[in-house]
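> Supplied in structure tokens, the structure appears directly below.
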Amino acid sequence: MLAFFATFVLETPLVQQIMRWDMAVLRESPWYQEILQKGVEQGLQQGLQQGREQALLQGKLSAIALGLELKFGTEGLQLMPEIEQIEDVATLEAIVQGIKTLNTLDELRQIYR
Numbered sequence: 113m114l115a116f117f118a119t120f121v122l123e124t125p126l127v128q129q130i131m132r133w134d135m136a137v138l139r140e141s142p143w144y145q146e147i148l149q150k151g152v153e154q155g156l157q158q159g160l161q162q163g164r165e166q167a168l169l170q171g172k173l174s175a176i177a178l179g180l181e182l183k184f185g186t187e188g189l190q191l192m193p194e195i196e197q198i199e200d201v202a203t204l205e206a207i208v209q210g211i212k213t214l215n216t217l218d219e220l221r222q223i224y225r
């Protein structure tokens, strides 16, 4: 137990040398396994959340590109490099809604500038 806490202030190889600590024993302990499992679960949850957010952003960007092309043609698509820099989902949703009602690209730019 002392070796475990020592790793917070000393380098792991030094603690292993001082304590002649065998990592295989630690890795097999139930406590280590529980910590490892919780870390894996947290990592998976974070990965899933990031994946959902990325998919949502991509979906909004695709909807915006389609809407710009349908309403304003290739001129509307020229806004996409600016819009692709936006990471706020609420702003992207406002752009999607704006495409439906606004009549000019300048009006649309006002939403995100």
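Take the sequence shown: its letter number 16 is residue 128 in our numbering, and every next letter is one higher.
We treat Cβ as the ideally placed atom computed from N, Cα and C, and that holds for glycine.
(1) Rounded to whole angstroms, what is the Cα-Cα separation between Gly-151 and Phe-117?
(2) Do Leu-214 and Leu-191 count as a contact pair if the criterion is CB distance below 8 angstroms?
(3) Do the CB positions of Leu-169 and Val-201 come within less than 8 angstroms of each other?
(4) With a threshold of 8 angstroms between beta carbons, is Gln-154 in contact with chain D?
(5) Would you mind stating whether Ile-147 and Ile-176 have Cβ atoms separated by less than 8 angstroms?
(6) Could you pull the start and end residues of the alpha helix (DSSP H) that Phe-184 belongs to?
(7) Taking just the CA atoms, how far does Pro-193 sit from Ile-207?
(8) Taking Thr-95 as the reference, give the member of Thr-124, Thr-186, Arg-221 and Glu-140 with the closest Cα.
Quick answer:
(1) Here residue 151 corresponds to residue number 39 of the sequence shown, with the count starting at 1. Here residue 117 corresponds to residue number 5 of the sequence shown, with the count starting at 1. Straight-line Cα distance between these residues: approximately 19 angstroms.
(2) Counted from its first residue, the sequence shown places residue 191 at position 79. Counted from its first residue, the sequence shown places residue 214 at position 102. Going by C-beta atoms, Leu-191 is not nearer than 8 angstroms to Leu-214.
(3) Locating residue 169 in the sequence shown gives position 57, counting from the first residue. Locating residue 201 in the sequence shown gives position 89, counting from the first residue. With respect to Val-201, Leu-169 sits close: the two C-beta atoms are nearer than 8 angstroms.
(4) As a matter of chain content, chain D is missing from the structure shown, which is built from one protein chain.
(5) Indexing the sequence shown from 1 puts residue 147 at position 35. Indexing the sequence shown from 1 puts residue 176 at position 64. It is not a contact, given that the beta carbons lie outside the stated cut-off.
(6) Indexing the sequence shown from 1 puts residue 184 at position 72. Here the alpha helix (DSSP H) through Phe-184 covers 142-184.
(7) The residue labelled residue 207 in the question sits at position 95 within the sequence shown. The residue labelled residue 193 in the question sits at position 81 within the sequence shown. Rounded to the nearest angstrom, the two C-alpha atoms are 14 angstroms apart.
(8) The structure shown has nothing for residue 95, since the chain only spans 113 to 225.
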